[in-house]
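Undergrad: So the sequence shown is numbered by this note's numbering: it starts at 158 and just counts up by one.
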Amino acid sequence: MIKRIPPGPGQESVWDYPRPPRLEPTSRRIRVIFAGITIVDSQRAFRVLETSHPPVYYVPPDDVQMAFLRPNTARSFCEFKGIAAYYDVVVGERTAVQAAWSYLDPTPSFAPIRGYLAFYAGPMDACYVDDEQVTPQPGGFYGGWITSDVVGPFKGGPGTWGW
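Written out as structure tokens, the structure is:
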């Protein structure tokens with residue numbers, strides 16, 4: 158049985174997030190650093206909130222150093238958002254394969270994030286929400302960002318696929 162961690166003051170429990178997921182704008186500052194380069198710096202992001210998942214942040218391409226992204230042929234399907242296209246992040250000799258993704262033709266509920274990009278925190282040097290460095294969501298499939306204001310337990314690690 159899953160034991161929800163009660164949120165403290167100023168915290169959210171991912172178990173209070175809805176399913177299907179909710180999309181909401183956020184003015185929090187989102188930054189992604191790779192190989193000494195700030196790839197993303199945005200205060201115009203959306204976050205996707207889904208039961209058992211830490212938030213995933215989607216940023217507009219205008220706030221992404223697109224010169225460092227290379228399209229990858231990988232695709233995945235989300236029953237709520239549609240087909241995701243992946244990107245490698247390439248800076249000099251360093252490459253993070255399939256480290257970012259985007260929904261180029263999302264479902265109507267997620268139309269506001271058409272072409273916006275999300276990044277896996279794990280392969281990056283650092284990802285930030287405001288000035289807090291995030292922890293990647295467990296496992297290698299989901300791309301949520303864990304901060305001190307979000308409590309779990311979080312889906313993604315061993316034994317959580319059935320949640």
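Virtual Cβ for every residue (Gly too), placed ideally from N, Cα, C.
Quick one: what's got a C-beta closer than 7 Å to residue 137's C-beta in the same chain, skipping five residues either side?
TA: Outside the displayed span of the chain (158 to 320) sits residue 137, for which this structure offers no information.
Undergrad: My guess is that residue 257 and residue 246 are in contact by the Cβ rule of under 8 Å, so how many angstroms apart are they, rounded?
TA: Taking the sequence shown and counting its residues from 1, one reaches residue 257 at position 100. Taking the sequence shown and counting its residues from 1, one reaches residue 246 at position 89. Right, their Cβ atoms sit about 6 Å apart.
Undergrad: So, are the CB atoms of residue 211 and residue 301 less than 8 Å apart?
TA: To locate residue 211, count along the sequence shown from 1; it is residue 54. To locate residue 301, count along the sequence shown from 1; it is residue 144. A contact, by the Cβ cut-off of 8 Å.
Undergrad: Look at the alpha carbon of residue 181 and the alpha carbon of residue 274, and state the distance between them as a whole number of angstroms.
TA: Stepping through the sequence shown from its first residue, residue 181 is reached at position 24. Stepping through the sequence shown from its first residue, residue 274 is reached at position 117. So the two alpha carbons sit approximately 15 Å from each other.
Undergrad: Just to confirm the assignment: which complete beta strand (DSSP E) runs, minimum length 3, are found wholly within the segment 159-247?
TA: Here the runs fully enclosed are 179-183, 187-191, 194-199, 202-206, 213-215, 226-235.
Undergrad: Hey, residue 199 and residue 190 are a contact pair by Cβ (cut 8 Å); roughly how many whole angstroms apart?
TA: For the purposes of this step, residue 199 is taken as residue 42 along the sequence shown, with counting starting at 1. For the purposes of this step, residue 190 is taken as residue 33 along the sequence shown, with counting starting at 1. So it is not a contact: roughly 13 Å between Cβ atoms.
Undergrad: Rounded to whole angstroms, what's the CA-CA distance from residue 310 to residue 319? Just pull it up for me.
TA: As a position in the sequence shown, residue 310 is number 153, starting the count at 1. As a position in the sequence shown, residue 319 is number 162, starting the count at 1. Distance between the alpha carbons of residue 310 and residue 319: 13 Å.
Undergrad: Near residue 169, which residues of its chain fall below 7 Å by C-beta distance, leaving aside the five closest residues on each side in sequence?
TA: Here residue 169 is taken as the residue at index 12 of the sequence shown, counted from 1. Contacts found: 306, 307.
Undergrad: So what does DSSP say about residue 298, is it helix, strand or coil?
TA: Counted from its first residue, the sequence shown places residue 298 at position 141. In this structure, residue 298 counts as coil in the three-state DSSP scheme.
Undergrad: Could you name the residues of the same chain whose beta carbon sits closer than 6 Å to that of residue 184, not counting the 5 residues immediately before and after it, in chain order?
TA: Indexing the sequence shown from 1 puts residue 184 at position 27. Same-chain partners within the cutoff: 200.
Undergrad: With residue 251 as the anchor, note down where its beta strand (DSSP E) starts and where it stops.
TA: Taking the sequence shown and counting its residues from 1, one reaches residue 251 at position 94. Note, residue 251: beta strand (DSSP E), 251-260.
Undergrad: Between the alpha carbons of residue 281 and residue 160, how many angstroms are there, rounded?
TA: By 1-based counting over the sequence shown, the position of residue 281 is 124. By 1-based counting over the sequence shown, the position of residue 160 is 3. So the two alpha carbons sit approximately 30 Å from each other.
Undergrad: Quick one: residues in its chain with C-beta nearer than 6 Å to the C-beta of residue 124, no 5 flanking neighbours on either side, listed in chain order?
TA: Residue 124 lies beyond the residue range present for the chain, which begins at 158 and ends at 320; the question has no answer from this structure.
Undergrad: Beta carbon of residue 196, beta carbon of residue 221: below 8 Å?
TA: By one-based count along the sequence shown, residue 196 stands at place 39. By one-based count along the sequence shown, residue 221 stands at place 64. Yes. Within cutoff.
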